Structure formats: structure tokens, C-alpha cells
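Novice:
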Amino acid sequence: MPIKKPTAVPFIQSLDRGLVILQSVARSKQPISLGELADLLQIDRSSAFRLAQTLRRRGFLACPAGRKDYILGPAMWTLSHQYDWSNMLVRVAHEQLKLIANELNETAHLAVREGKNALFIDSANANHVISVAGQTGELVPLYCTAHGKALLADADEKELKSQFGIGPLTKHTPSTISTVKALTVECKEIHARGYATDEAEYNPGMRCVAAPIRLEDGSIVGSIGISAPEARFPKEHYAKYAKKISMAAREIGLQLSMAEPKE
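Everything in the sequence shown is counted per my numbering, starting at 11 for the first residue and increasing by one.
1. Could you tell me whether the stretch 165 to 179 touches the stretch 218 to 238, using the rule of 3 or more Cβ pairs below 8 Å?
2. By the 10 Å Cβ neighbour count, where 16 or more other Cβ atoms means buried, how is residue 126 classified, buried or exposed?
3. Note down the Cα distance separating residue 46 from residue 33, rounded to an integer number of angstroms.
4. Under the DSSP definition of a beta bridge, which residues are partnered with residue 132?
5. Given residue 62, which residues of its chain have a CB within under 8 Å of its CB, disregarding the five upstream and five downstream residues?
6. Could you give the C-beta distance for residue 255 and residue 230, rounded to a whole number, given that I count them as a contact under 8 Å?
7. Mind checking who residue 150 pairs with in its DSSP beta bridge?
8. The beta strand (DSSP E) with residue 233 in it runs from where to where?
9. Can you tell me whether residue 216 is buried or exposed? The criterion is at least 16 other CB atoms within 10 Å of its CB, across all chains shown.
10. Comparing the CB of residue 43 with every heavy atom of the ligand HEM, is any distance shorter than 6 Å?
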């Protein structure tokens, strides 16, 4: 029996081109001209103009005052603020969260950035009699928790000073990072290795490890990790646990990025 070739996924070309325009304008640091859009789509200027003007009519594109090139319009802002992104992240990540909790038999958490804090938006509990309770809805400081530091992984000293000021950071335990300079060094290390740790920096007697969840463009949208008492989480387990958590974070990021289906 001959092997059937996979059926190509059908799509609407004009809609696809419109979405390419939106992605390109969103990623550009400068307004994009009509000529650049035409070159990008490999179509004539009149066709590019009709597509751009349709998006502009619906508020997805706009032209800066006195100019004819394009930036994102107010409809994009409105949609992004109407949609509950945290809820979407929970739906996409929950299965990975349960897998981590079951495989490592420790409480796993999912977090997003909320001002100067990390907000736990979902959790999966371990089977231990003594386990770390899932604190969904709890806010914890960014600078002294594994989840918080994972969310700060790309921040430089300038960004951190803007966020926390130049004064000392509040110490919660003897091991809490207390200066922006030390936090800057920590963030560089987290960025390089791909995960953050918490050596009883916020809660005495607890160890945590978390990895940033990144979209296809590298931006961080959340963090996933586990917490456990020091007695059950020796330092030598960091590398093993971090590997599994980082793999889960990458899988969530891929799902969130909605990669184009293969034919």
C-alpha cells in the first residue's frame, strides 16, 4: 500500500500576510514604512497598502502624527489587556507542573511577575506527608526567591536599580541577597546557566530551584520550579532537578509560542 503524503494545512494567504505585518511591526523598534512591508511580504506596494490600511481601519495599526509609516494601533493594547494571560499560562503549563511534582515528588509552582514580586498562579503538590503547601495567590519578593530571580534573569544593573532603588534590600534570612550589585551578579549567572536557586533566602530551612519560561523571541513570561525542605533537598540535587525543570520550562515556552504546524 502506498504511503499517503501528509495533507498540507490550509490557510488564508491574505490573513497570513496581515499577521506577518503585525508581528514585524511589533518586533521593530522603529515605525515600518510601506516599502519595507512590501519587501517583507514580496508583494507590490498597492497590495501591501491595502493590507496595512485594513489593519489600520480596525485599529491594529496606526501612523505616527505627520508620518506615513506604521506602528501598532490601540486595538492591540486593548486586546492584550482584556485577555487573562495568567489564566492561559496556567492552562498550558498545568500538565508540565503535575509531571514535575510527580517525577520529583516535591511541590511545584508556576509564577508570573507582579511588580516587585512573583505571584504564584498555580501549583501541584507532592505525595510527601510533610510537603510544601501550594500557595497559589501568594506574592513573594523577586530578589530573594528562586521564582523571582528566574523572572529577573535578563535584568541588568540599570534595570534592577530602577526596580529596587540603590538602597539595601530587606533581609528575610541571613542568606538573603541584600544589595543590587550582588543581585546583578546573580542574575548574570542565572541567565548563563538557565535556572535560579534559593538557599533559604526567603524561608528558613527551604531550598528552591526555578527556571524562566521563555517565548520563541526569548522574552520571559513566567517561571516554573519546586520547593522542598533542606533535609530532603541536598545541594547535590540542584543540577538533576534543574535539568528536568528547565526542560519543562522549554516545553511550556514552545506551546505558548504556537509554532507553525509541520506539514
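Glycine included, each C-beta is placed from N, C-alpha and C at the ideal position.
Keep in mind that this is a model prediction, so the values were computed, not measured.
Specialist: Reading from the atomic positions:
1. When C-beta atoms of the stretch 165 to 179 are compared with those of the stretch 218 to 238, fewer than three pairs fall below 8 Å, so the two segments do not count as touching.
2. Position 116 of the sequence shown, counted from the first residue, corresponds to residue 126. The C-beta of residue 126 has fewer than 16 other C-beta atoms within 10 Å across all chains shown, which makes the residue exposed.
3. On the sequence shown, position 36 is the one that residue 46 refers to. On the sequence shown, position 23 is the one that residue 33 refers to. Rounded to the nearest angstrom, the gap between the Cα atoms of residue 46 and residue 33 is 13 Å.
4. Numbered from its first residue, the sequence shown carries residue 132 at position 122. The secondary-structure analysis by DSSP pairs residue 132 across a beta bridge with 120.
5. Start at 1 with the first residue of the sequence shown, and residue 62 comes out as number 52. Within the same chain, residue 62 has close Cβ partners 31, 44, 47, 71, 80.
6. Here residue 255 refers to the residue found at position 245 of the sequence shown. Here residue 230 refers to the residue found at position 220 of the sequence shown. Not really, about 14 Å apart at Cβ, beyond 8 Å.
7. As a position in the sequence shown, residue 150 is number 140, starting the count at 1. Looking at the DSSP output, residue 150 sits in a beta bridge with 128.
8. On the sequence shown, residue 233 is found 223 positions in, with the first residue counted as 1. 230 to 239 is the span of the beta strand (DSSP E), which, as asked, contains residue 233.
9. Within the sequence shown, residue 216 is the residue found at index 206, counting from 1. Of the residues assessed, residue 216 falls on the buried side of the cut-off, its CB having 16 or more other CB atoms within 10 angstroms.
10. Ligands are entirely absent from the displayed structure, and the ligand HEM is therefore not among its contents.
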